[in-house]
Amino acid sequence: MLGLGVSSQYSPIRKIVEEEQERAIDELTRLSPNAPLKSASLNLLYNLSRNLEALSKKTQEDREFIMRLAPLYQQDREQAIQEGVQQEALKLVIRLLQRRFGEIPQNLEETIRNLPVERLEDLGLALLDFNTLTDLDNWLHP
1 MLGLGVSSQY SPIRKIVEEE QERAIDELTR LSPNAPLKSA SLNLLYNLSR
51 NLEALSKKTQ EDREFIMRLA PLYQQDREQA IQEGVQQEAL KLVIRLLQRR
101 FGEIPQNLEE TIRNLPVERL EDLGLALLDF NTLTDLDNWL HP
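So the sequence shown is residues 1 to 142, counted in full-length UniProt numbering.
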């Protein structure tokens with residue numbers, strides 16, 4: 001997969017390197033999106049692939065490595081963006097509720113923290129109609 005400048009006279013070494021790269025990418029693919037080292041590993045591999053892309057003489061293995069890694073890296077970036085959107089929506093809704101009602105009971109805040117971003121956006125609009133924390137509780141637990 002990855003040439004790494006290993007000439008054809010070292011084909012047993014090239015084969016070992018390619019097998020290890022395949023195994024590493026397979027393992028990254030199987031890791032859960034929240035695995036602690038997945039994002040860091042993907043960033044390192046992405047940087048390596050960018051360096052390979054800059055080479056004027058890429059082997060077929062180099063091109064395959066780049067093609068196989070690209071969707072994994074893209075998926076990781078998309079998840080990071082989604083997590084950022086989720087965190088910002090959560091912060092905004094919590095701040096608006098605190099501004100309106102003061103301290104929010106822990107059980108309600110915990111329920112809010114577990115809402116998906118779409119529900120947080122809905123809550124951001126709905127809270128404009130809330131008069132009491134009971135309204136919030138009723139919205140969260142219909």
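Quick reminder that beta carbons are idealized off the backbone N, C-alpha and C, glycines included.
With H, G and I counted as helix, E and B as strand and the rest as coil, what does DSSP make of residue i?
{"i": "A35", "result": "coil"}
{"i": "E142", "result": "Checking the sequence, you will find Pro at residue 142 rather than Glu. P142 falls in the coil class under three-state DSSP."}
{"i": "I13", "result": "helix"}
Considering only residues of the same chain and omitting the five flanking positions on each side of residue i, which have a CB-CB separation below 7 angstroms?
{"i": "Q75", "result": "none"}
{"i": "L42", "result": "L28, L72, Y73 and D76"}
{"i": "S49", "result": "F65, I66 and L69"}
{"i": "H141", "result": "none"}
Please return the same chain residues whose Cβ sits closer than 8 angstroms to the Cβ of residue i, not counting the five positions on each side in sequence.
{"i": "L133", "result": "F101, I104, P105 and L108"}
{"i": "A89", "result": "V117, L120, E121 and G124"}
{"i": "residue 152", "result": "In this structure the chain extends from 1 to 142, so residue 152 is not present and cannot be described."}
{"i": "D129", "result": "D135"}
{"i": "D137", "result": "L108"}
If contacts are defined as beta-carbon pairs under 8 angstroms, then residue i and residue j qualify, I think. What distance do you get, rounded to the angstrom?
{"i": "residue 151", "j": "E18", "result": "With the chain covering 1 to 142 only, the question about residue 151 has no answer from this structure."}
{"i": "I112", "j": "L127", "result": "At roughly 10 angstroms, the Cβ-Cβ gap does not stay under 8 angstroms, so I112 and L127 are not in contact."}
By Cβ distance, which residues of its chain are closer than 6 angstroms to residue i, with the 5 residues on each side in sequence left out?
{"i": "V93", "result": "L120, L123 and G124"}
{"i": "L31", "result": "K38"}
{"i": "I25", "result": "R68"}
Entirely enclosed alpha helix (DSSP H) segments - the segment 48-88, minimum 4 residues:
none
Considering only residues of the UniProt domain "DUF4351" (82-140), which uninterrupted alpha helix (DSSP H) runs meet the minimum length of 4 residues and lie entirely inside it, listed in chain order?
106-113, 117-126 and 133-140
Check whether the segment 57-68 touches the segment 89-101, counting contact only when three or more Cβ pairs, one atom from each stretch, lie closer than 8 angstroms.
no
Count Cβ pairs between the segment 75-88 and the segment 103-121 that sit closer than 8 angstroms; are there 3 or more?
yes
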